[in-house]
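Notes for the one structure printed next.
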Amino acid sequence: HSTEPAILSFPKINDPRGNLTFLQHPDHLPFKMERAFWTYDVPGGDTRGGHAYHQQREIIIALSGSFDVVVTKPDGTQVRYPLNRSYYGLYLPSLTWRHMENFSTNALGLHLSNMVYSAEDYIRDFNEFKKLHENNNRI
Ligand code: TYD
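Just so we're aligned, residue 3 is where the sequence shown starts under full-length UniProt numbering, counting upward by one.
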């Protein structure tokens, strides 16, 4: 599977009665979903996330409102992905350090994951994250 973040574009059925977007595995979802979670009522100026996962892959969708997903590379450089349309999703492979910020009022952020919740899967220490990348690149 892809080792880089990627913006995915989901089908959009335009309709004067209201638009409709969907996704299904394997056409638009690169993994079988085991869990969904979503963030809401995030106070303006707050950030969420700020960690990586060993195994978890995810797709993040701004179902309502807007927020930015910021990916930090092992060398510290950052790439910002502004999400503000419900028919776009951001795919993040495992071992991606990311946080969410710049939440608008009423922002609703949906995360689809290939795994059930596992506290052990979290990497919360940036130095550990860097070391894991270095070890991966050596193999
Ligand atoms: P966490 O992923 O740590 O949020 P953030 O990275 O934004 O700080 O989740 C916050 C809390 O919610 C944490 O105590 C674990 C719990 N949680 C679950 O129990 N199940 C889940 O699927 C998720 C995403 C979090």
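Backbone N, C-alpha and C fix where the C-beta goes; we use that ideal spot for every residue, glycine too.
Any non-hydrogen atom of the ligand TYD closer than 7 Å to residue 89 Cβ: False, no ligand heavy atom lies under 7 Å from that Cβ.
According to DSSP, is residue 64 helix, strand or coil? Reduced to three states, the DSSP call for residue 64 is strand.
For residue 42, which beta-bridge partners are listed by DSSP? Per DSSP, none; premise fails for residue 42.
One or two residues paired with residue 14 in a DSSP bridge: 23
Leaving aside the five residues before and after residue 52 along the sequence, list all residues of the same chain whose C-beta is less than 7 Å from its C-beta, in chain order. 101
Buried or exposed for residue 115, please, with buried defined as at least 16 other CB atoms from any protein chain shown within 10 angstroms of its CB. buried
Whole-angstrom distance between residue 136 and residue 39, CA atom to CA atom: 30 Å
Cβ-based burial, residue 119 [other Cβ within 10 Å; buried from 16]: exposed
Just to check my reading of the structure: residue 93 and residue 4 have Cβ atoms closer than 8 Å, yes? What is that Cβ distance to the nearest angstrom? 7 Å between Cβ atoms; contact.
Please indicate yes or no: does the CB of residue 105 lie closer than 7 Å to some heavy atom of the ligand TYD? no
Does the distance from the C-beta atom of residue 69 to that of residue 106 stay below 8 Å? yes
Which residue from 66, 99, 109 puts its Cα closest to that of residue 47? When each option's Cα is compared against that of residue 47, the closest is 109.
Do residue 33 and residue 91 have their C-beta atoms closer together than 8 Å? no
Report yes if the CB atom of residue 85 is closer than 8 Å to the CB atom of residue 71, and no otherwise. For residue 85 and residue 71, yes; Cβs fall inside 8 Å.
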